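Everything on this sheet refers to the single structure shown next.
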Amino acid sequence: MNTRTLVCLTALLVSAFSFAEAQDVVSLPKETPYADDATGAVFPARIGSFAKTNVTKNLNPYYGTVIRYANDYGSSADVYIYALDLKTVNLSAEQWRKHYDEVKGNIAHLTGKSVPLGEIAVLEEFTMKVPDEIVKRQMLASDLVGRRCSFSFSIGEDPFFSELVIFPVGSRIVKLRVTYSREITSEKANALKFLEAVCREFFEKVEFVPDKPDSQPLK
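Numbers in the working numbering are just positions in the sequence shown, counted from 1, shifted up by 1226.
Have a look at this one:
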């Protein structure tokens, strides 16, 4: 995958995120760990095979922060942290699940204007679960803490897989997007390691349980 394809990929599939006012945006160092003040999570310069490439923070909490990573195989991995409803201390299950469905639908219906984007297919969905001891320790409302969706698509002749994970942390949404080539088999493992590493920054231990009962859980 060439550089131009990766840039287009990031623009099309990784982000529906735009900043309203340039003067409200702060760019932070990529070489040092980023500590997010809204959630307490810390994002290192490297996560597995991925190196941090950019940290952009908007002072408007509804736009929030984007932490971008990439690796040498052309894969992109991004973390978005933004407010969904500042009027509540903790988002309800109805709020964050509705938001997940909206984001999933927006991705599934993307169209390519500057690049030949092929049909985007939803492959599988997962529930993100945590053990009972973590529910008690972190005083969570449920052991069902998030959702994940796997997609496939193509840009021109280049085929890709893409992962979406969404979960709430207080009044914030944490959204993870990892996109990688279908032609490099090792990248699926790298993508899952990234997702797990970020999720464990918030929950210590997580499990992605597939909605289809005949599928095997991905831990």
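Positions of the beta carbon are idealized from the N, C-alpha and C atoms, including for glycine. As the structure is a prediction and not an experimental result, all values here were calculated from the model.
Could you tell me which residues DSSP pairs with residue i in its beta bridges?
| i | result |
| --- | --- |
| Met1365 | None, per the DSSP bridge assignment. |
| Asn1280 | Arg1294 |
| Thr1353 | Arg1373, Val1435 |
| Phe1429 | For Phe1429, which the question treats as bridged, DSSP gives no partner whatsoever. |
| Val1268 | Ala1261 |
| Lys1379 | Reading off the sequence, residue 1379 comes out as Phe, not Lys. Phe1379 is bridged to Phe1386. |
| Ser1253 | Thr1282 |
| Ile1273 | Phe1276 |
For residue i, is the classification buried or exposed, using 16 other Cβ atoms within 10 angstroms of its Cβ as the cut-off for buried?
| i | result |
| --- | --- |
| Arg1294 | buried |
| Glu1422 | buried |
| Arg1403 | buried |
| Leu1239 | The predicted position of Leu1239 is uncertain, since its pLDDT is 49 and thus under 50; no value can be drawn from it. |
| Asp1447 | Past the edges of the chain, shown from 1227 to 1445, lies residue 1447, and the structure says nothing about it. |
| Lys1283 | buried |
| Asn1280 | exposed |
| Ala1347 | exposed |
| Gly1331 | exposed |
| Lys1401 | buried |
| Lys1438 | exposed |
| Lys1445 | The pLDDT assigned to Lys1445 is 45, lower than 50, so where the model puts this residue is not dependable; a value taken from the coordinates is nonetheless given after this. Lys1445 comes out exposed. |
| Val1233 | Because the pLDDT of Val1233 is 48, which lies under 50, any placement of that residue in the model is unreliable, and the question is left without a value. |
| Arg1230 | With a pLDDT of 46 at Arg1230, under the threshold of 50, the modelled position of this residue cannot be trusted; read the value that follows with caution. The residue in question, Arg1230, is exposed, as its Cβ has fewer than 16 Cβ neighbours within 10 Å. |
What are the boundary residues of the beta strand (DSSP E) that residue i is part of?
| i | result |
| --- | --- |
| Val1400 | 1398-1407 |
| Asp1263 | Segment: none, Asp1263 is in no beta strand (DSSP E) and carries neither H nor E. |
| Asp1215 | Residue coverage of the chain in this structure runs from 1227 to 1445, which leaves residue 1215 outside it and unanswerable. |
| Asp1384 | 1384-1395 |
| Val1315 | Where Val1315 is concerned, there is no enclosing beta strand (DSSP E), given that its DSSP letter is neither H nor E. |
Assuming residue i and residue j form a contact by the criterion Cβ under 8 Å, report the distance between their Cβ atoms to the nearest whole angstrom.
| i | j | result |
| --- | --- | --- |
| Ile1392 | Val1329 | 6 Å |
| Ser1397 | Val1315 | 6 Å |
| Pro1259 | Pro1270 | 5 Å |
| Leu1370 | Thr1353 | 6 Å |
| His1325 | Leu1310 | 6 Å |
| Val1305 | Val1424 | 6 Å |
| Pro1385 | Glu1413 | Incorrect: roughly 12 Å between the Cβ atoms, too far for contact. |
| Phe1387 | Ile1333 | Going by Cβ atoms, the distance from Phe1387 to Ile1333 rounds to 13 Å, so no, they are not a contact pair. |
What residue range does the alpha helix (DSSP H) around residue i cover?
| i | result |
| --- | --- |
| Ile1346 | First-last for Ile1346: undefined, no H or E at that position. |
| Leu1336 | Where Leu1336 is concerned, there is no enclosing alpha helix (DSSP H), given that its DSSP letter is neither H nor E. |
So the candidates are the options; which of them puts its Cα closest to the Cα of residue i?
| i | options | result |
| --- | --- | --- |
| Glu1359 | Phe1269, Ala1367, Phe1352 | Ala1367 |
| Ser1407 | Pro1287, Phe1379, Ile1333 | Phe1379 |
| Ser1275 | Ser1388, Arg1373, Ser1302 | Ser1302 |
| Ala1277 | Asn1297, Lys1419, Gly1266, Phe1352 | Asn1297 |
| Leu1390 | Val1281, Ile1399, Glu1383 | Ile1399 |
| Arg1374 | Phe1387, Glu1351, Val1395 | Glu1351 |
| Ile1381 | Leu1285, Gly1372, Thr1405, Tyr1306 | Thr1405 |
| Gly1187 | Glu1413, Glu1427, Leu1285 | Residue 1187 is absent from the model: the chain starts at 1227 and stops at 1445. |
| Ala1417 | Gly1290, Tyr1299, Ile1333 | Tyr1299 |
| Lys1419 | Ser1253, Arg1272, Pro1357, Ala1261 | Arg1272 |
| Ser1318 | Gly1372, Asp1437, Val1435 | Gly1372 |
| Leu1349 | Pro1436, Glu1320, Val1251 | Pro1436 |
| Gln1364 | Glu1430, Glu1257, Thr1291, Phe1434 | Glu1430 |
Please check if any C-beta of chain C sits within less than 8 Å of the C-beta of residue i.
| i | result |
| --- | --- |
| Glu1359 | Looking for chain C here will not work: only one protein chain is present. |
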